[in-house]
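Right, one structure below, let's go through it.
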Amino acid sequence: MATDTTARCRTTTTTTTTIAPTRYVGPISHLYGEVWWTALPEVPLPPDIVKRFDGKAIAIVGYEVDQVRKGAGPNGEDVSVPINMAYNHHHDAFIVGKGSRMEKVPYDPLDVTISPMARADPHFMNIPVEHTPSPRGLPTSAHLAAGNGGEYRKSYHGFASPVAYVVDSPVSYHVLPMQVGARARAHARLCACLCACE
18 MATDTTARCR
28 TTTTTTTTIA
38 PTRYVGPISH
48 LYGEVWWTAL
58 PEVPLPPDIV
68 KRFDGKAIAI
78 VGYEVDQVRK
88 GAGPNGEDVS
98 VPINMAYNHH
108 HDAFIVGKGS
118 RMEKVPYDPL
128 DVTISPMARA
138 DPHFMNIPVE
148 HTPSPRGLPT
158 SAHLAAGNGG
168 EYRKSYHGFA
178 SPVAYVVDSP
188 VSYHVLPMQV
198 GARARAHARL
208 CACLCACE
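Using the numbering used here, count along the sequence shown one by one with no gaps and you end on 215.
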């Protein structure tokens with residue numbers, strides 16, 4: 018018996034107003050004791066946000082993440098996955114502008130300067146690589162990383178003014194979660210997700 022879950026991400030961005038779109042990524046599928054540690058497919062940002070910030074910078078002043086079974090509630094609402102069932106050890110989320118793209122970049126496995134948290138693949142790192150610099154001199158991608166496992170879920174991660182992640186002309190996000198099947202489920206496969214935050 019499979020259980021489908023999806024991650025929900027609410028982010029807050031600021032220009033002259035604050036917006037908080039909810040986006041879903043996944044699914045991730047694993048059994049008890051299995052570890053999922055691989056990049057999820059690219060998730061485009063909502064078209065209205067891409068259009069609004071084309072040729073401009075978005076300032077991300079906070080974000081919130083949850084891991085859910087999408088539409089699994091009695092009235093079709095999302096239901097949070099218990100932390101003792103699907104544990105998110107950490108994740109990397111990248112906001113990518115039109116001047117960058119995600120690439121698998123080779124690295125030397127013996128290089129001790131490469132963090133163990135970045136070694137999902139033993140030979141490549143999934144990172145944004147800039148191909149066209151911003152004409153405004155701004156970053157064309159941002160890295161939102163979260164550790165300490167699932168305890169971060171449903172807690173707003175806000176930055177004190179004037180701090181923000183700034184990305185020129187944002188178009189998509191990518192997530193690389195490390196997810197652990199944390200509860201024995203008799204022959205049940207849990208399909209779980211972690212969101213990428215825009």
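Positions of the beta carbon are idealized from the N, C-alpha and C atoms, including for glycine.
Keep in mind the model is a prediction, meaning the values are calculated, not measured.
Straight-line gap, residue i to residue j (C-alpha atoms, nearest Å)
| i | j | result |
| --- | --- | --- |
| P44 | R86 | 10 Å |
| D109 | L127 | 22 Å |
| S117 | L62 | 14 Å |
| P145 | P91 | 40 Å |
| M195 | A56 | 9 Å |
| M119 | A89 | 32 Å |
| W219 | D138 | Residue 219 cannot be examined here, being either before or after the span of the chain that is shown, 18 to 215. |
| L193 | H140 | 15 Å |
| S151 | A162 | 23 Å |
| V98 | S178 | 32 Å |
| R69 | P38 | 14 Å |
| Y124 | I131 | 8 Å |
| R40 | Q84 | 11 Å |
| G175 | A103 | 25 Å |
| S158 | P64 | 18 Å |
Beta-carbon spacing of residue i, residue j below 8 Å
| i | j | result |
| --- | --- | --- |
| V113 | H191 | yes |
| G93 | Y173 | no |
| V184 | P156 | yes |
| N105 | R200 | no |
| V60 | S189 | yes |
| G50 | G198 | yes |
| F111 | H160 | yes |
| V82 | R170 | yes |
| P74 | R136 | The amino acid occupying residue 74 in the given sequence is Ala; Pro does not appear at that position. No. Outside cutoff. |
For residue i, three-class secondary structure by DSSP
| i | result |
| --- | --- |
| D65 | helix |
| A89 | coil |
| P133 | helix |
| V52 | strand |
| R40 | strand |
| G175 | strand |
| G79 | strand |
| L155 | coil |
Residue i, enclosing beta strand (DSSP E) - first and last residue
| i | result |
| --- | --- |
| P99 | Note, P99: premise wrong, no beta strand (DSSP E); not H, not E. |
| M195 | 187-198 |
| V122 | 117-123 |
| E147 | 141-147 |
| Y104 | 103-114 |
| S46 | 45-47 |
Cβ distance (whole Å) where residue i is taken to contact residue j below 8 Å
| i | j | result |
| --- | --- | --- |
| A181 | I77 | 6 Å |
| M142 | H107 | The Cβ separation is near 15 Å, so there is no contact. |
| S186 | K115 | 5 Å |
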